[in-house]
Amino acid sequence: MREIKNKQLSQQTITEFSAQLQEQIDANPVITVTAKLAELRTWRHILNRSTISFSTENGNLNTVALYCQNGYQRFSELPVKSYQVPETYGSCYLAVQGEADTQITYREEGDARFGLYL
1 MREIKNKQLS
11 QQTITEFSAQ
21 LQEQIDANPV
31 ITVTAKLAEL
41 RTWRHILNRS
51 TISFSTENGN
61 LNTVALYCQN
71 GYQRFSELPV
81 KSYQVPETYG
91 SCYLAVQGEA
101 DTQITYREEG
111 DARFGLYL
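Structure representation (structure tokens):
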């Protein structure tokens, strides 16, 4: 955030913004995202919490995988009811590929995995 193109933010602005974001994370311990896959695209989500759940409402998926600094987990059986992401994996993102218009529901809960990186 400090290096937004053509902008120089003060430390006070960064501190205030960080505090507001942290309040939002603390106030919303469960994150739920519903999305529809686009053709030839990968849906990605950076994890913020320690436990994830994942399901499809319609359509078919080719790949559901967790890519992390120190680990990898491919999910071959869906739905994923409650997967505890190992702390040793470090920062992670979930990647989903499948048929166009497949609707997915992703849920994240539990402890915040890391602090804010701005």
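Going by the UniProt record's numbering, the letters in the sequence shown line up with residues 1 to 118, in that order.
Virtual Cβ for every residue (Gly too), placed ideally from N, Cα, C.
Only residues of its own chain outside the window of five on either side were considered, and among them 82, 83, 84, 85, 108, 109 and 110 have a CB closer than 8 Å to the CB of residue 51, listed in chain order.
DSSP places residue 66 within a strand segment (E or B) once states are collapsed to three.
For a cut-off of 8 Å, the C-beta gap from residue 101 to residue 37 is around 7 Å, short enough to register as a contact. Here residue 84 carries a strand assignment [DSSP, helix/strand/coil]. For residue 111, the secondary structure class from DSSP, reduced to helix, strand or coil, is strand. Comparing alpha carbon positions, the residue from 98, 103 and 25 closest to residue 56 is 103.
With a 10 Å radius around the Cβ and a threshold of 16 neighbouring Cβ atoms, residue 72 comes out exposed. Judged by DSSP secondary structure, residue 42 falls outside any beta strand (DSSP E); it is assigned neither H nor E. Cβ contact annotation for residue 75 (same chain, cutoff 6 Å, sequence separation greater than five): 64, in chain order. In this structure, the beta-carbon distance from residue 24 to residue 62 does not fall below 8 Å.
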